[in-house]
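Just so you know, we're using my numbering here: the sequence shown kicks off at 54 and counts up by one. From the three backbone atoms N, C-alpha and C, an ideal C-beta is built for every residue, glycine too. Predicted, not measured: the structure shown is a model, and the values here were computed from it.
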Amino acid sequence: MITTLDSWTVACLVVGTAVLTPFIMGLFGGNQFNVKGRTILLTGASEGMGKAVAKHLSAKGANIIIIARNLERLETAIAETKENAVLTGLPFQASAASPSTQRFHTISADLAVPNGALNALTEAIAWNGGNSPDVVWCIAGSSYPDFFIDTPITRLRQQMDVNFWAATEMAHGILNEWLSPAGLEKSQGQKEPKHLIFTSSVVAFYPIIGYGPYSPAKAAMRNLSDVLSQEVQLYGGGDRVKIHTVFPGGISSPGFINENLTKPQVTKVLEETDPVQTPEVVAAKAIKGLENGEFMIVVSWVGILMRACCWGWMPKNNMLLDTIVSWVSGIIGIFVGMDLDGKVRKYGKDHGHPSTYPPKEMP
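Below, the structure is given as structure tokens:
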């Protein structure tokens with residue numbers, strides 16, 4: 054008969070094994086995002102996170118197609134990607150790039166206008182010899198934080214167009230390519246699945262004051278990726294196409310500088326302890342998450358806690374560990390929410406009605 058002590062020992066071993074198994078398997082399970090020799094389409098990769106992602110993937114042997122509006126920055130990004138095709142010091146570099154065989158292409162397009170993404174995708178497929186890209190990573194976006202009632206309706210619509218509709222149209226186009234009967238037949242026998250990657254934000258988990266114009270689009274993107282992760286299972290059990298979403302926080306990029314021009318001071322107060330990461334760190338951690346086969350990818354400790362409160366019924370990266378963290382985060386979140394709400398109320402008492410605040414410089 055097993056004693057009480059033995060029962061607890063067995064229980065601990067079972068739980069410990071369940072928690073550690075995914076990590077152990079991750080060490081020996083292989084790379085689930087092998088990009089060497091594959092063609093990757095990146096939107097919004099002329100600067101910031103997108104540019105860093107292009108460099109990292111180039112270092113891993115990928116062929117890169119960059120789509121952005123600014124042609125000059127596009128050409129600069131491609132030149133730097135080629136020049137840095139073999140990067141040193143990358144913690145997740147899987148193989149040295151081969152500039153003599155890798156291919157690079159730029160497409161200048163405004164993805165926020167109707168058919169902008171579809172036209173760019175058509176051009177990318179034509180450049181790629183009539184073959185659709187193997188990976189599509191939607192990174193393009195912009196944030197103009199402000200109080201919701203102070204933001205013109207035209208700006209609210211623009212934020213949805215840039216941050217949601219551009220990625221949605223691209224997803225619609227590429228999934229029709231990959232999952233049509235002809236597309237599935239063409240990919241028959243391929244060892245590596247296709248990957249559609251969205252770039253959302255931690256504000257999709259918990260938005261704070263000032264992100265009213267921006268966070269709804271990122272939350273909608275997260276919801277879309279949740280739906281698609283289930284829908285693609287109609288076409289081969291989800292083994293043909295993998296859906297992922299990356300949720301970065303603050304990134305020290307040109308976009309972040311512009312963001313701070315319109316960001317209310319009270320928002321800056323609430324964010325003062327949040328980490329701001331370099332584009333290179335965000336890119337490296339996001340790619341590592343993809344290599345681990347993760348569905349919802351975060352790149353900081355704040356992201357881990359915020360994601361934990363929002364898992365719901367969606368697929369988890371580690372069923373047991375993520376569930377435990379969600380319990381802990383749920384308790385922590387009670388106090389975090391009270392603290393943030395208290396800071397907003399105090400700011401209102403100290404500074405008065407927002408209509409009295411000095412005007413901000415508009416980018």
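query                                                                                                                           : result
Bounding residues of the alpha helix (DSSP H) (the contiguous stretch that carries residue 309)                                 : 307 to 315
C-beta neighbour in chain D for residue 171, strict 8 Å                                                                         : In the structure shown, chain D does not exist; there is a single protein chain.
Opposing strand residues paired with residue 364 [DSSP bridges]                                                                 : None, per the DSSP bridge assignment.
Own chain residues within Cβ distance below 7 Å of residue 272, not counting five before or after                               : 257
Cut-off 6 Å between Cβ atoms - residues of its own chain near residue 333, not counting five sequence neighbours on either side : 105
Check whether residue 96 and residue 164 have beta carbons under 8 Å apart                                                      : yes
Counted within 10 angstroms of its Cβ, other Cβ atoms place residue 296 as buried (16 or more) or exposed                       : buried
Three or more C-beta pairs below 8 Å linking the region 382 to 391 and the region 293 to 313                                    : no
Span of the beta strand (DSSP E) around residue 295                                                                             : 294 to 300
Residue from 265, 251, 322 and 182 whose Cα sits closest to the Cα of residue 198                                               : 265
Distance CB(residue 86)-CB(residue 248) smaller than 8 Å                                                                        : yes
Buried or exposed (CB count within 10 angstroms, at least 16 for buried), residue 354                                           : exposed
Separation of residue 345 from residue 81, as counted between CA atoms                                                          : Because residue 81 carries a pLDDT of 49, less than 50, the predicted location of this residue cannot be relied on, and no value is offered for it.
Pairwise C-alpha distance: residue 379 and residue 366                                                                          : 12 Å
Extent of the continuous beta strand (DSSP E) run through residue 119                                                           : 116 to 121
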